[in-house]
Amino acid sequence: MKGLKKVALLAAITAASSAQAELVAMDDSALSATTGQAGITIDINAAEVSIGEIAYQDEGFLAIQDLVLTGSTDAFGSGAGDGILNNIRMEIDVAGAADLTPGNPTDPDSFRLGNDYLVQAAGILTGSQISNHNYARPTIGNGDLVISIKSINLIGGIQTVDYGLQIGSVKLGDSNQTIGQIDGTELISDLNLAGFLGPVDIVVHNSDDGVNISAYFNAEGSLNLPFMNVSTEFTIHNSRGDTVVAIGAVDEGHSLAHVQMNVSRGTQGLAFDLQNFEADIDLNNITMGASPSIGDLYITDLHMTAQTEIYGH
152 MKGLKKVALL AAITAASSAQ AELVAMDDSA LSATTGQAGI TIDINAAEVS
202 IGEIAYQDEG FLAIQDLVLT GSTDAFGSGA GDGILNNIRM EIDVAGAADL
252 TPGNPTDPDS FRLGNDYLVQ AAGILTGSQI SNHNYARPTI GNGDLVISIK
302 SINLIGGIQT VDYGLQIGSV KLGDSNQTIG QIDGTELISD LNLAGFLGPV
352 DIVVHNSDDG VNISAYFNAE GSLNLPFMNV STEFTIHNSR GDTVVAIGAV
402 DEGHSLAHVQ MNVSRGTQGL AFDLQNFEAD IDLNNITMGA SPSIGDLYIT
452 DLHMTAQTEI YGH
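The opening residue of the sequence shown carries number 152 in this note's numbering; numbering runs sequentially from there.
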């Protein structure tokens, strides 16, 4: 019996050694071909965020109070949404040497960014229009972290995510205030907005070139400016003028404003390179005090770029 045990043990060791000799490390592309997936996917449903107060202290305070982020129920009169933030998919990947041609739908190793989904959807969904859009595709290099946020259920290459945001107040406070109970001059009150979030891309460069962020969205809502005794309703979209990004129909609810910026280390602090902000902005029912509305204000083809740096003094 002892001899048989030794033979069995020798056979097991030999088999294990042979098996180990066949183990070869797989790169991301090979893993994708074998398992059908590379990277990490996170699906988010039934989410809600509420914050009582966010307070910034210098000598005195600046406080944001009663913040709630959730889904919407009727943004732009669509009737869409159940008031819960859901249908969000986050895909996280680290690029390799083969991932340097983003946006190629025939190349399984290429990354598809938000603009690629918009272009695909515009080619499929009747009534879409993309014209004079100022998008700057970020370069994706070996080792870059790529985070893509979009809806789980894609229709024609894209489906937006409904969201809602409420902020009770934004206040100033003197140095004697108690954190969590800041009370002073009220800059903003009753900020309520709802809308749709399109694709969002975050590219963290391995070459120390900072972070590139691109986001498509629209919004409608209202706010008060108590310290000026002014209130207004507002809409942010991209359906008018020469620059239009609209998927499915050219109207406020189907169009998407765009913001893109590069955030990096500056010479004195944090550097922000605003590569693009484009939108149409409507201010409706502008009132001052208890007097009747003074009317509406419409801004078409707003386009902004800027280079800024933030640091202490």
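Glycine residues also receive a C-beta, built at the ideal position from the N, C-alpha and C atoms.
- [ ] Give me the Cα-Cα distance between alanine 176 and glutamine 419, rounded to the nearest whole angstrom.
- [x] Only weak support exists for where alanine 176 lies, its pLDDT of 45 falling under 50; the coordinates are left without a value.
Open item on the list: Relative to the C-alpha of glutamine 280, which candidate in Thr456, Ile445, Ala397, Met439 has its C-alpha closest?
Closed with: Ala397
TODO: Sort out for me which residues DSSP pairs valine 321 with in a bridge.
DONE: Ile215, Ile339
Task: Residue interval of the alpha helix (DSSP H) (run including leucine 269) - done: 265-275
Task: Extent of the continuous beta strand (DSSP E) to which threonine 438 belongs - done: 421-439
Task: Identified DSSP bridge partners for aspartate 313 - done: Phe347
- [ ] Count the CB pairs spanning the region 400-419 and the region 223-230 that are closer than 8 Å, and state whether there are at least three.
- [x] yes
Task: Selected residue, minimal CA-CA separation from valine 355, among Val270, Asn413, Asn196 - done: Asn413
Task: Where arginine 416 falls, given that 16 or more other Cβ within 10 Å makes a residue buried - done: exposed
Task: Three-state secondary structure assigned by DSSP to alanine 176 - done: With a pLDDT of 45 at alanine 176, under the threshold of 50, the modelled position of that residue is not reliable, and the figure given next carries that caveat. The answer is coil: DSSP assigns alanine 176 none of H, G, I, E or B.
Task: Coil, strand or helix - asparagine 206 by DSSP - done: As written in the sequence, residue 206 is alanine, which differs from the asparagine given in the question. DSSP places alanine 206 in strand when its eight states are reduced to three.
- [ ] Sort out for me which residues DSSP pairs asparagine 389 with in a bridge.
- [x] Asparagine 389 pairs with nothing; no bridge assigned.
Open item on the list: Looking at the strands, I want to know which residues DSSP matches up with arginine 416.
Closed with: Leu421
- [ ] Mind checking who glycine 446 pairs with in its DSSP beta bridge?
- [x] Ile437
Task: Own chain residues within Cβ distance below 6 Å of aspartate 433, not counting five before or after - done: Thr386, Tyr449
Open item on the list: Could you check whether leucine 323 and leucine 338 sit closer than 8 Å to each other, using their CB atoms as the reference points?
Closed with: yes
Open item on the list: Can you find the residues in the same chain that come closer than 8 Å, C-beta to C-beta, to glutamate 460, ignoring five residues on each side of it along the sequence?
Closed with: Gly417, Thr418, Gln419, Gly420, Leu421, Ala422, Phe423
- [ ] Determine the burial state of proline 289: buried for a count of at least 16 other Cβ atoms within 10 Å of its Cβ, exposed for fewer.
- [x] buried
Open item on the list: Quick check on aspartate 452: does DSSP put it in helix, strand or coil?
Closed with: strand
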